[in-house]
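Chains as they are written, first to last, in this note's numbering: chain A, 7 to 521; chain B, 7 to 521. No residue lacks a Cβ here, since even glycine has one placed at the ideal position from N, Cα and C. Bear in mind that the values here come from a model prediction, so they are computed numbers and not experimental data.
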């Protein structure tokens with residue numbers, strides 16, 4: 007238990023400080039404070055001593071140096087359980103400080119506002135973190151409030167303990183304080199890393215603010231929460247318009263669905279339906295509703311309970327079609343008012359509007375005590391990148407379908423095979439340990455449900471065919487053109503098999519593994 | 007260009023400082039320094055002023071307050087392009103400081119040594135980060151070296167520019183400095199989070215040190231690097247004994263292989279072969295070599311080019327078997343000398359010895375501008391957790407196989423079905439958008455290669471059967487007992503189907519999705 011006698015207050019965000027001042031006044035706590043905060047406190051009608059008066063040293067350099075003084079930090083850092091510490095501060099006429107209420111220059115706000123370089127630098131707080139860290143280190147004696155979100159708990163502590171705080175509370179606040187300072191410097195460090203275009207720094211810091219605790223994780227026996235990274239860079243952001251809370255798996259599927267439909271040629275209207283983190287249907291069309299209906303038709307059984315993403319606005323007609331099937335989540339960059347009304351009839355359906363932006367950042371895979379940081383796979387294959395390796399050339403229509411199938415294939419777990427026709431997936435072979443297995447899966451589905459369409463269809467493979475066997479399965483099923491990276495030692499055998507069957511094949515020289 | 011006249015040096019790690027002192031001496035730079043560093047510099051034969059002499063304020067509180075003084079921070083923070091700043095420091099007899107060489111108390115070292123609480127707290131540096139941050143903010147005028155790793159570059163700068171540094175260098179060092187302070191506080195914050203058992207903090211910081219840049223990422227057109235998290239908690243750590251550098255995908259597969267074999271009952275010898283992040287074979291046995299041979303037999307075609315992990319020592323006999331197949335990586339907790347010799351004949355084969363520890367931490371999935379943090383899936387299903395829901399009870403042997411299949415199934419991408427017999431996988435259906443699809447995959451493989459064994463086999467499903475159709479595929483193929491979480495609205499229909507076929511089925515009440 008530690009009685010609060012002397013408080014130091016220095017605030018950038020003055021929210022709710024009056025509530026604290028009332029409590030401090032009630033327990034006759036002396037207050038010292040810096041320039042702007044000092045004036046604010048006095049204006050609110052409370053007594054307060056200015057820091058420069060206490061230290062005998064003026065605020066200088068436009069406020070850059072105010073609190074960096076031994077009379078402040080001696081008061082924060084003295085271990086009052088040690089006689090020589092107590093003697094030392096007494097000798098130098100230093101008062102122990104029991105309570106520190108400090109928050110920092112709004113670097114985060116300036117970052118989100120895309121402020122200029124000079125303004126960003128000026129908003130790097132120096133004195134604030136120093137006080138926070140001194141007080142947190144000496145939590146045995148000092149109570150520290152690094153954010154207004156802790157004020158209510160502090161007031162309860164003070165009232166419960168008649169003007170004192172418990173060691174548990176002070177220790178907890180010390181922990182919260184180091185989270186604040188680590189987070190603050192992570193923003194500065196990442197901002198500077200971007201300026202230096204340093205994508206693989208010596209020390210990489212990933213920091214996030216708790217957005218919400220989720221009902222559970224990937225499975226009901228796992229707890230989970232979602233965190234938001236504070237950044238001025240574009241990324242996946244959405245507004246939830248209606249429906250139940252998003253689950254852990256909803257977030258994951260929604261992100262993957264969004265990534266897929268925004269990775270396809272933006273001139274076309276693209277729709278993808280995702281189930282268990284893999285697409286079960288994807289399509290392009292000039293017409294919104296047709297685009298959706300084609301994606302659904304790809305695999306209506308798997309689509310049940312899936313996640314639908316489009317890269318275009320949802321109108322009334324499309325919404326009326328969508329509500330005929332049970333989905334977990336629907337995402338679009340825009341949903342018009344009439345469509346919103348139609349969705350509102352399905353109370354549980356989660357409907358999200360997202361910001362339409364390019365996602366060309368890095369990706370991170372965390373594995374226990376280490377993580378892999380890599381460039382996102384931003385490969386886009388265009389007509390001019392294709393190298394025909396067979397005697398037969400693909401037709402213009404086939405080329406369009408090859409490019410479509412190839413882009414979808416990027417978003418299917420490896421090994422991946424995608425069969426497509428009329429800008430619509432007919433069969434998707436996902437997540438197999440052998441390429442032959444994925445070829446079998448894709449052809450089986452396409453042959454069963456699209457026995458006519460498969461005969462003029464194309465196929466994409468995320469990596470090369472190590473042997474002709476996988477390709478031969480595709481040929482046997484009726485596929486007429488194939489897109490793949492190439493690069494196998496047996497490329498010639500694979501090309502020979504294609505020539506023998508008189509189909510065309512193009513190489514992209516770009517592998518698209520996704521694990 | 008900025009001429010260095012006054013330097014401030016305060017070091018915990020004094021590595022290589024003599025090199026710097028020689029250069030500073032050459033360009034007649036004045037040095038001020040703190041207690042221990044001051045003595046070190048003087049002992050090396052260089053001139054130096056003690057900080058307490060300069061500030062007129064003694065070091066106090068066992069060194070907790072040394073540099074937190076306006077004569078230091080005024081000298082670090084003055085913007086010399088502004089007349090009123092220059093005037094202000096002149097009025098207060100403050101010298102501008104042009105160079106700061108500071109590194110911090112070894113909190114990281116103490117963390118790794120699992121030091122006691124008091125010692126950890128005492129090793130939180132306060133003055134150091136304050137100086138680093140002041141100098142970094144004012145990089146326009148101040149050169150800052152936060153670590154010996156930058157000394158060589160600094161010496162080159164000084165020699166190239168005749169005692170001065172460039173703005174580019176100072177800006178780069180400011181960035182490196184904020185990376186250091188962010189990283190430092192991330193360690194403190196995460197250590198304190200663990201003490202408070204706060205697994206979902208308001209602000210979550212994930213920080214890593216660059217271990218190495220990798221040849222490329224998941225695909226050759228993506229750059230990649232691996233980072234190590236500094237922590238005193240157990241986790242996946244290994245020593246590479248031989249072979250090529252690990253690739254991005256090797257790391258990922260190795261981690262998953264390790265996770266699988268260490269998630270199975272430790273009394274048995276477990277072996278798993280992983281391909282494209284999914285197991286293609288897994289087995290348990292009392293004999294090391296048999297365990298491996300069974301895992302290989304599960305799917306020798308997919309095993310080619312895969313990653314093998316075992317949870318036991320590799321001896322000569324086993325190594326001789328392993329080198330008969332081409333693998334990318336082999337992992338074991340221990341590899342004996344004779345086995346090492348055998349592996350050494352395959353120069354490219356990556357052989358890793360890992361620390362045998364439980365992995366019961368949290369898992370993180372980063373999605374662009376947000377991340378999901380959740381408990382790892384540490385579910386272990388034991389005999390006593392099983393609830394038989396059919397008329398028929400599984401036999402003791404079936405129960406053992408059900409538990410084995412269920413644990414393997416946890417590590418297969420959803421939807422997942424694993425068929426097993428004799429503690430060996432016969433068929434694995436992975437990554438399908440429908441459960442029926444996974445049932446078909448698993449039964450197809452098992453029926454083709456294990457037509458006899460499948461008739462007395464068991465199957466595990468990672469989630470419930472929404473309809474009886476998936477189960478009926480398993481029954482038709484000959485499976486005699488099934489393990490699944492249960493929980494479908496149609497559970498009774500599924501149970502009826504099992505009863506009708508006179509097979510047994512048990513519920514675990516634990517879903518094991520893996521996406």
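Asked                                                                                                                              : Found
Residue burial classification, residue 384 of chain A (beta-carbon count within 10 angstroms, cutoff 16)                           : exposed
Assigned secondary structure, residue 384 of chain A (DSSP; H/G/I helix, E/B strand, else coil)                                    : coil
Contacts that residue 178 of chain A makes with chain B (C-beta to C-beta distance below 8 Å)                                      : 202
Residue from A/341, A/496 and A/314 with nearest C-alpha to residue 333 of chain A                                                 : A/314
Residue range of the unbroken beta strand (DSSP E) whose run includes residue 291 of chain A                                       : 284-291
Sequence-distant residues of its chain with Cβ nearer than 6 Å to residue 134 of chain B (five each side left out)                 : 108 and 110
Three or more C-beta pairs below 8 Å linking the segment 44-57 of chain B and the segment 14-34 of chain B                         : yes
Host alpha helix (DSSP H) of residue 415 of chain B (start-end)                                                                    : 402-415
Per-residue contacts from residue 286 of chain B into chain A (C-beta, under 7 Å)                                                  : 439
Local conformation of residue 442 of chain B per DSSP, three classes                                                               : helix
The segment 280-289 of chain A touching the segment 226-240 of chain A, judged by at least three CB pairs closer than 8 Å          : no
Beta-carbon proximity of residue 83 of chain B to residue 140 of chain B, cut-off 8 Å                                              : yes
Residue 190 of chain B versus residue 146 of chain A: straight-line alpha-carbon distance, rounded                                 : 21 Å
Own chain partners of residue 308 of chain A with C-beta closer than 6 Å, once the 5 adjacent residues on each side are dropped    : 281 and 286
Within chain B, partners of residue 187 of chain A - CB distance below 7 Å                                                         : 191
Endpoints, the beta strand (DSSP E) within which residue 246 of chain B is located                                                 : 244-248
Residues bridged to residue 277 of chain A (per DSSP)                                                                              : A/289 and A/316
Nearest-angstrom Cα separation, counted from residue 131 of chain B out to residue 125 of chain B                                  : 12 Å
CB-CB length for residue 447 of chain A against residue 521 of chain B, believed under 8 Å                                         : That belief does not hold up - the Cβ atoms of residue 447 of chain A and residue 521 of chain B are roughly 18 Å apart, past 8 Å.
Selected residue, minimal CA-CA separation from residue 152 of chain B, among B/163, B/129 and B/176                               : B/176
Closer than 8 Å at the beta carbon, the chain A residues around residue 157 of chain B                                             : Simply none; closest approach about 15 Å.
Status (buried if at least 16 other CB within 10 Å, exposed otherwise) for residue 449 of chain B                                  : buried
Against chain A: residues of the segment 351-370 of chain B by CB proximity under 8 Å                                              : 365, 367, 369 and 370
Range covered by the alpha helix (DSSP H) that runs through residue 395 of chain B                                                 : Where residue 395 of chain B is concerned, there is no enclosing alpha helix (DSSP H), given that its DSSP letter is neither H nor E.
For residue 47 of chain B, the first and last residue of its enclosing alpha helix (DSSP H)                                        : 41-49
Three-pair Cβ contact test at 8 Å for the segment 170-186 of chain B versus the segment 151-169 of chain A                         : no
Simplified DSSP state of residue 203 of chain B, which is helix, strand or coil                                                    : coil
Contact set between residue 419 of chain B and chain A, taken where Cβ atoms lie within less than 7 Å                              : 419 and 437
Contact list for the segment 194-220 of chain B against chain A, Cβ threshold 9 Å                                                  : 194, 195, 196, 197, 198, 199, 201, 202, 204, 205, 206, 207, 208, 209, 210, 211, 212, 213, 214, 215, 216, 217, 219 and 220
Check whether residue 226 of chain B and residue 517 of chain A have beta carbons under 8 Å apart                                  : yes
Chain B contacts made by the segment 116-146 of chain A, where a contact means CB separation under 9 Å                             : 127, 128, 130, 131, 132, 133, 135, 136, 139, 140, 142, 143, 144, 145 and 146
Chain-ordered neighbours of residue 499 of chain B on chain A, where CB pairs are closer than 9 Å                                  : Going along chain A, no residue has its Cβ under 9 Å from residue 499 of chain B, so there is no contact; the nearest lies around 17 Å.
Contacts that residue 235 of chain B makes with chain A (C-beta to C-beta distance below 9 Å)                                      : 372, 374, 375, 376 and 377
Close-in-space but distant-in-sequence residues of the same chain around residue 398 of chain B (CB under 7 Å, 5 per side omitted) : 508, 509 and 510
Given 8 Å, three or more beta-carbon pairs between the segment 190-208 of chain B and the segment 193-208 of chain A               : no
For residue 51 of chain A and residue 69 of chain A, believed in contact at Cβ under 8 Å, the rounded distance                     : Between residue 51 of chain A and residue 69 of chain A the Cβ distance is about 24 Å, and since that is not below 8 Å, they are no contact.
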